[in-house]
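If you're matching them up, the sequences are chains A and B in order. Take 1 as the starting number for the first sequence in our numbering and just add one per residue. Take 189 as the starting number for the second sequence in our numbering and just add one per residue.
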Amino acid sequence: MATIKVQRPKLSAGEKIYFGAIFKGMVITLRHAFRSLVGKSVGAKELNSTGVGITMQYPEQKWDEELPEYYRGTPALVTNEEDREKCVSCQLCEFICPPKAIKITPGEIPTDDEWAKVEKRPKAFDIDMIRCIYCGMCEEVCPEEAIFLRPDYVVTGTTRKEMVHDKDRLYEIGGKRVGLVNKWNDLK
Amino acid sequence: MDTTLLIAAAIKIGVFIGITLSFVSICVIFERRFSAIIQDRVGPNRTMVPLSILGFKKDFALPIGGLTQPVADGLKFILKEDFTPAYVRKFFFWLAPALVVVPALLTMAVVPFGSPMQIGESWIPMAVADLNVGPLFVFAIASLSVYGITLAGWASNSKYPFFGGVRSCAQMISYEIALGLSIIPVLMMFGDLNLGHIVEYQAANGWLLLPMWGEGWTLERWLMLLPLGIAFVVFTTSIFAETNRMPFDLPECETELVGGYHTEYSSMKFALFFMGEYAAMVVGSAIIVTLFFGGWSIGFGLDGMLPIGAWWVSLLHIGCFLTKVTVFILFFILVRWTVPRFRYDQLMTLGWVVFFELALINVFLAALILAFPAIGWGGFIGGFIALVIVSFLLIKIAKGASTTTREYGAV
């Protein structure tokens, strides 16, 4: 390898004394500190922060409006326009779930029910949110478009039991979803 | 000695050590918050009083922006496991942290915190020990802390701490010379080594770097600003090196040495190093303020209007002193985030080639200005020419020495 001799730049007398550079640096650091104090840090506006730095103060300030459509938060079950549970408890999501977070107890729909022809719906549907890795495989695999990853990300609890979402909780998060394929309606 | 003085001494020891230690925790919170706002961050701002671990229903959130953070940090240090590796030299390993903290706290003894207080007949100086050799005592004791760091590095029996210890040893010994030489002009100016008297003089006749009242309006005082300014710069920089603060924190630079000399330490033993370092910073600020910025004096001739000796005046002065020290601590932190770390040979060149010579020449420059009334114009100009020639030769030799070391890598 060829040796390249790099000439160090010649410093002027003022640069050699070094104080000018230190003073300039101090002005810069102080300017940042001052801007933080008055709440006008660079970039604070774009990032929607408090202004003390560019950091967002989390529980008070949230970024929910900026969340993208495809955000993968907690998995939840949905009902269709006619309030029918879309899940038919085929258990595909249970089998695909990599961390084995989903547990379904299938149940029959009684013959006198309006939706008897669907035949099955879950008796119990538990998702252990301690195990869930938010991969979205359940949503991917669902043939009925019944399970979705919602943009809710605040899943907290003080016990392990609280962290297991049961069926009621899942429908509460998911809610009603319109405009999906309705393969069980009367016309078909 | 009468009982009033004894009781006063006991109270002063308690209060001043308390002030120093609480200043250490204030340093920690300042370091974290001020660094944060410099870097456009927030820093620890929501530490509360954790009543819930005591069984209460809710934590108690004081609206003080995380001021209880140092308490939490301290508790964390105490509660962590104190691990001593099997391969260390136990005795010195245990001794080293104490050797770092004790000198830092001892040096605080000679610093006058406030104006003397009059109780009954006796005047109580607001320093634990009103020594007549104040700065010398500070240097003598402060240099002992190098033992703590070096021993920590050696006793850890591990390569990175060893490097840290060796670096620190060389660095602190080198900068002690510049530190000692740089304040000789200051002491010549005062003609006194008692820090209490030094501050009283500054209160009456203008701070050393701000001769704006009393006798401060003389031409001699203004001319002295040049050597005193140099002394201030050299002294402050040397204090930075002595306390192992940022531009000179080679003994513990994380990028190269993991944690430097305290790599093997944990829990309270590490906390003692931490405390010693910050206590040294507080003491350094206190000494700079005492020597150059009028210590406890409020300044601008206001001290003369106050009834010196009244208890509230002393407290006011203590408050003023602590404010100045706080400003200097903030300055320390500001420099930390402004100036990048030196390379080791640059550090040594700065200490031995630049500061040592500068401080030496500065002593003679100050002497020349101080002696002007006695020697007259002739003596002054002659002396000045001699000084210029000697400084020129000195710089020449120093430059030669530094290029030799750079080329042949003697360091």
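Note that beta-carbon positions come from the ideal geometry of N, C-alpha and C, so glycine has one too.
Classified as buried, B/N382 has 16 or more neighbouring CB atoms from the shown chains inside 10 Å of its CB. The beta-carbon distance between A/L170 and A/F125, rounded to whole angstroms, is 6 Å. This is short enough to meet the 8 Å contact definition. At a beta-carbon threshold of 7 Å, none of the residues of chain A lie near B/D318; the nearest stands roughly 36 Å away. Classified as buried, B/F481 has 16 or more neighbouring CB atoms from the shown chains inside 10 Å of its CB. A straight-line Cα-Cα distance of about 7 Å links B/Y466 and B/C215.
Within chain B, no C-beta atom comes less than 7 Å from the C-beta of A/G175; the nearest is roughly 33 Å away. Note that the C-beta distance between B/A198 and B/A366 is not below 8 Å. Around the beta carbon of A/D112, fewer than 16 other beta carbons lie within 10 angstroms, which makes this residue exposed. DSSP places A/M1 in no alpha helix (DSSP H); its state is neither H nor E. Segment contact: the region 240-250 of chain B against the region 414-431 of chain B, fewer than three CB-CB distances shorter than 8 Å; contact not assigned. When Cβ pairs closer than 8 Å are counted between the two stretches, the region 531-549 of chain B is seen not to touch the region 377-391 of chain B, the count staying below three.
A residue is called buried when at least 16 other Cβ atoms come within 10 angstroms of its Cβ; B/R531 does not meet this threshold and is exposed. Counting along the chain, the unbroken beta strand (DSSP E) around A/L77 starts and ends at P75 to L77. Beyond the five residues adjoining it in sequence on each side, B/S362 comes within less than 7 Å, by CB distance, of M536, G539 and W540 in the same chain, given in chain order. For B/A317, no beta strand (DSSP E) encloses it, and the DSSP letter there is neither H nor E. In this chain, the alpha helix (DSSP H) harbouring B/T338 covers S333 to A343.
Interface residue (Cβ-Cβ distance to chain B less than 8 Å): A/L37 is classified as such. For B/F222, the residues of chain A that pass the 8 Å Cβ criterion are A33, in the order they occur in the chain.
Proximity of A/I22 to chain B, defined by a Cβ-Cβ separation below 8 Å, is satisfied.
Contact annotation: B/F516 and B/S473 have beta-carbon atoms nearer than 8 Å.
The Cβ-Cβ distance between B/I486 and B/V299 does not fall below 8 Å. A/V42 reaches chain B at D228, counting residues in chain order whose Cβ is nearer than 9 Å. A/D128: member of the beta strand (DSSP E) spanning K120 to D128, first to last residue. Selection B/G384, B/I549 and B/R409 evaluated against B/L396 yields B/R409 as nearest (Cα-Cα). Going by DSSP, B/S310 is part of the beta strand (DSSP E) stretching over S310 to I312. Ranked by Cα distance from B/I371, the first of B/G402, B/T425 and B/F211 is B/T425. When C-beta distances to chain B are compared with 7 Å, the residues of the region 48-66 of chain A below that value are V52, G53, I54 and T55, in chain order. With the rule of 3 Cβ pairs closer than 8 Å, the region 250-270 of chain B does not count as touching the region 440-450 of chain B. Using beta-carbon distances, B/W525 counts as an interface residue toward chain A, with a partner under 8 Å. The Cβ atoms of B/T192 and B/G308 lie closer than 8 Å to each other. Remark: C-beta atoms of B/E452 and B/P349 approach each other more closely than 8 Å.
Of the candidates B/F520, B/T511, B/A554 and B/G489, the residue whose Cα lies closest to the Cα of B/I207 is B/T511. Using a CB distance cut-off of 8 Å, A/G157 does not count as an interface residue toward chain B. Within chain B, no residue has its CB atom less than 9 Å from the CB of A/L149, the nearest being about 31 Å off. Counted as a single uninterrupted DSSP element, the stretch harbouring B/G253 is not any alpha helix (DSSP H), since DSSP gives it neither H nor E.
Counting C-beta pairs with one atom in each stretch, the region 576-590 of chain B and the region 400-407 of chain B have fewer than three that are closer than 8 Å, which means they do not touch.
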